[in-house]
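Notes follow once the structure below has been shown.
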Amino acid sequence: MFFGICLLPTFVLAQNDSIIKRKELTKKELRKLKKDQKRKLQQGVYNPLSPSKAAFYSAIFPGAGQIYNKKYWKAPIVWGALAIPVYYYQINNSDYKRFRNAYKLRKNGLVDEFTVNGVEIVSTETLETAQEQLRENRDFSILSGIILYILQIVEASVNAHLMQFNTDDSLTIRPTIIQDPIRIDAPVVGLNLKFNF
0 MFFGICLLPT
10 FVLAQNDSII
20 KRKELTKKEL
30 RKLKKDQKRK
40 LQQGVYNPLS
50 PSKAAFYSAI
60 FPGAGQIYNK
70 KYWKAPIVWG
80 ALAIPVYYYQ
90 INNSDYKRFR
100 NAYKLRKNGL
110 VDEFTVNGVE
120 IVSTETLETA
130 QEQLRENRDF
140 SILSGIILYI
150 LQIVEASVNA
160 HLMQFNTDDS
170 LTIRPTIIQD
180 PIRIDAPVVG
190 LNLKFNF
């Protein structure tokens, strides 16, 4: 009995020490555990409305879907890509109007901007050809602007879809070459996929 009474405080102190050590370890690793849990929750949460929101924001204002997806560097690219067809549309449209007005004035027997001192610098056929070419360029600028507008909507939606997939390092494919010891003289080429979960 004396032996039991002597060992009782040792067991109690040993248990208290382990609890204190466990609490100290928890305090030190609490931040790391919270970050890991937050990362796992973010990877595991699937939001089915995220792609449609990104597409909607991109349709309302180009580049807003990319900002919604937190891909801020893509928004200036979208704006620059859409600014190019707008710029060429304005240039081609103003030149088309110049040649169209000159053609109309010449057909009515009036002096146009391409007639200097009664001499036609540009022929009537050239005015017609220039109008057709500038109209085609203007229409192509509109078409390319519409295509880029649709592509940026699709890109925002697809990016929102792909952001929800688990891209952990354990999901990588590691190709390896395995030699067949039976067929050393005639090598065989094959593909071996190994999935680790």
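Its first residue numbered 0, the sequence shown is counted upward by one per residue in numbering that gives the first Met the number 0.
Cβ coordinates follow ideal geometry from the N, Cα and C atoms, glycine included.
Opening and closing residue of the alpha helix (DSSP H) in which residue i lies
{"i": "Glu112", "result": "Here Glu112 belongs to no alpha helix (DSSP H), and DSSP marks it neither H nor E."}
{"i": "Ile66", "result": "Ala63 to Tyr67"}
Per-residue DSSP class, three states only, for residue i
{"i": "Leu6", "result": "With a pLDDT of only 48 at Leu6, under 50, the local geometry of the prediction cannot be trusted, and the value read off the model is given with reservation. Reduced to three states, the DSSP call for Leu6 is helix."}
{"i": "Val77", "result": "helix"}
{"i": "Leu121", "result": "Residue 121 is actually Val in this sequence, not Leu. Three-state DSSP puts Val121 in coil, outside helix and strand."}
{"i": "Gln163", "result": "coil"}
{"i": "Lys33", "result": "helix"}
{"i": "Tyr95", "result": "helix"}
{"i": "Ile181", "result": "coil"}
{"i": "Tyr71", "result": "coil"}
{"i": "Leu48", "result": "coil"}
{"i": "Asn136", "result": "helix"}
{"i": "Phe60", "result": "coil"}
{"i": "Asn116", "result": "coil"}
Minimum C-alpha distance to residue i - residue among the options
{"i": "Asn46", "options": "Pro180, Met162, Ser143 and Ile181", "result": "Met162"}
{"i": "Pro50", "options": "Ile152, Pro180, Ile181 and His160", "result": "His160"}
{"i": "Ala54", "options": "Val85, Ile149, Phe164 and Glu124", "result": "Ile149"}
{"i": "Asp138", "options": "Ile76, Tyr88 and Ile181", "result": "Tyr88"}
{"i": "Asn91", "options": "Asp111, Thr123 and Ser140", "result": "Ser140"}
{"i": "Gln151", "options": "Tyr95, Ile120, Glu112 and Ala74", "result": "Ala74"}
{"i": "Arg197", "options": "Arg134, Val118 and Ile66", "result": "A query on residue 197 cannot be resolved here, the shown segment of the chain reaching from 0 to 196 and no further."}
{"i": "Thr125", "options": "Asn116, Tyr95 and Gly108", "result": "Tyr95"}
{"i": "Ser93", "options": "Arg182, Asn136, Phe164 and Leu29", "result": "Asn136"}
{"i": "Pro61", "options": "Asn68, Trp72, Val77 and Asn116", "result": "Val77"}
Any non-hydrogen atom of the ligand NAD closer than 7 Å to residue i Cβ
{"i": "Arg99", "result": "Here there are no bound small molecules, and the ligand NAD is not part of this structure."}
Specify whether the region 138-149 and the region 75-85 touch according to this definition: at least 3 beta carbon pairs, one from each stretch, less than 8 Å apart.
-> yes
Given 8 Å, three or more beta-carbon pairs between the region 54-63 and the region 151-158 | yes
Hey, is the region 95-111 in contact with the region 120-134, meaning 3+ C-beta pairs nearer than 8 Å?
-> yes
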